[in-house]
Every structure is written in C-alpha cells, then in structure tokens.
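Structure first, commentary second.
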Amino acid sequence: MVFRFSVPREFEEAFAALDQALPTPGSRGAAEAQLYLRFPGLFRLRHMERPRMPISFEMECRPGWWPIIWRLCENLEREACREWLSEHDDQWPAFRQIKEKYGTLKAYLRGNDRMRTLAKAAELCSARTGEVCGASGILRDEHAWVETLCDRCAASKDPWRQSRW
Ligand SMILES: [Zn+2]
C-alpha cells in the first residue's frame, strides 16, 4: 500500500527549495555538528539529562531528511524572532527529540502552537521526501515497517536497510 499526503500551501512555502543554500553534510556526525553550531539554542536541551530524554541527543533519521530538519530550524528561529524572543529566553524553542516514526519525521519540541505547527509541516514534508536520498518519495508499507522512499531506493537492495540511521 502507498500513502499520499498533500501539504497545505502555507507549509510548502516554509519548506520551499529544500536543497538550496543549505550546507552539505559529509556524514551524519558532520550534519549534527553543523546543526548544533548554527542553532545552539534550539538544541540546548540535549545537554540536560531528563528521565525521558536520551543523554546524547541524536537525529534518529537518515540523511534524506536532514535538509528538512535544517529548514525547520530556520523556520523556528524566524518564528521566535517574530515573537521578539531572544535565544537566551527560556521561551526560545528547543527540541526534545527528532526521529523517524511510522515513516515520517517527528520533531518533538518545546514551543508555542505556531512552532508546533512548523514541526507538523516538517512531518508532512517528510512524507513525500525519501528518507535515504532526499529525492521525491512516498510513504510505503511494502516491507516490515512503514518508510518514505523514492522509487529507486524502494527497489534497491542496498545495505542502507541494515543501518537505518
Ligand atoms: Zn531515494
């Protein structure tokens, strides 16, 4: 079975041109380091130990979605600035966790309703973006788990399945 989502227009604009003007991550570790350097406030909770939060915060998804995460960070910053927040304010948005779940990107964060709407938009965006390579994809449950892949990755038997993140 194949699922199809449509993304509301206002969200499309917030995530437009995902591949433009974004840094190119060399590896998962490099991608995370770039995010932490550029958006330290958004990731400040990763240093705090909490009962329900892993001690080492990691992006639990594959590289095709890294541009979506980057764009989400930019959108959250813009929204926070529109609220006249400073990065040192406690109300500045902060991620609790970023992960793949049921085939789409889930970004759990501390923030207001509009910020959570942006996270939801990223989720909708991921539902049509291949998690492995970032090409246009669709949500599929053709295997043991649900995942969003482009046609080429879905047909591939490459070992990326063995290391999901
Ligand atoms: Zn692909």
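Each residue of the sequence shown is one higher than the last, beginning at 38 in the numbering used here.
Virtual Cβ for every residue (Gly too), placed ideally from N, Cα, C.
Simplified DSSP state of residue 200, which is helix, strand or coil: As a first step, residue 200 is located in the sequence shown; it is residue number 163 there, counting from the start. Because residue 200 sits at a pLDDT of 47, beneath the cut-off of 50, its placement in the model cannot be relied upon, and the following sentence gives the value as read from the coordinates. If DSSP states are grouped into helix, strand and coil, residue 200 belongs with coil.
When you compare only the Cα positions, how much space is there between residue 74 and residue 100? Within the sequence shown, the letter at position 37 stands for residue 74. Within the sequence shown, the letter at position 63 stands for residue 100. Residue 74 and residue 100: Cα-Cα distance of roughly 18 Å.
Under 8 Å between the Cβ atoms of residue 104 and residue 174? Residue numbering aside, residue 104 sits at position 67 when the sequence shown is read from its first letter. Residue numbering aside, residue 174 sits at position 137 when the sequence shown is read from its first letter. No.
Residue 149, buried or exposed, once every other Cβ within 10 Å from all chains shown has been counted against 16: Within the sequence shown, the letter at position 112 stands for residue 149. It is exposed - the Cβ of residue 149 has fewer than 16 other Cβ atoms within 10 Å.
CB of residue 142 to nearest heavy atom of ligand 1: below 7 Å? Working through the sequence shown from its first residue, we reach residue 142 at position 105. Not so, every heavy atom of ligand 1 lies at least 7 Å from the Cβ.
Spatial distance of residue 52 from residue 159 (CA atoms): Start at 1 with the first residue of the sequence shown, and residue 52 comes out as number 15. Start at 1 with the first residue of the sequence shown, and residue 159 comes out as number 122. Using only the alpha carbons, I get a separation of about 8 Å.
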